[in-house]
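Down below is the structure, laid out as structure tokens.
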Amino acid sequence: MKHPDLIEGIDFYINKDGYIVLTEKYHLEKGFCCGMGCLHCPYDTEM
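Using the numbering used here, the letters of the sequence shown correspond one by one to residues 219 to 265.
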């Protein structure tokens, strides 16, 4: 299920294994690190 505010190709993409990958743009708009070590996270991981 997709969140209605997210736009594929801008906020996320589907990788070759079928997983949703959030983009750097998405993370910057979120405004903080969630600590999960996301691939495109622009923040220092806060684990």
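We treat Cβ as the ideally placed atom computed from N, Cα and C, and that holds for glycine.
Exercise. Which residues bound the alpha helix (DSSP H) around Leu246?
Worked result: It spans Glu242 to Lys248 - the alpha helix (DSSP H) in which Leu246 sits, taken as one unbroken run.
Problem set entry | Close-in-space but distant-in-sequence residues of the same chain around Asn233 (CB under 8 Å, 5 per side omitted) | Result list for Asn233: Val239, in chain order.
Problem set entry | Simplified DSSP assignment, three categories, for Tyr237 | In this structure, Tyr237 counts as coil in the three-state DSSP scheme.
Exercise. Using DSSP with H/G/I as helix, E/B as strand and the rest coil, what is Tyr261?
Worked result: Secondary structure of Tyr261 (DSSP, three-state): coil.
Exercise. What is the DSSP secondary structure of Ile232, counted as helix, strand or coil?
Worked result: If DSSP states are grouped into helix, strand and coil, Ile232 belongs with the strands.
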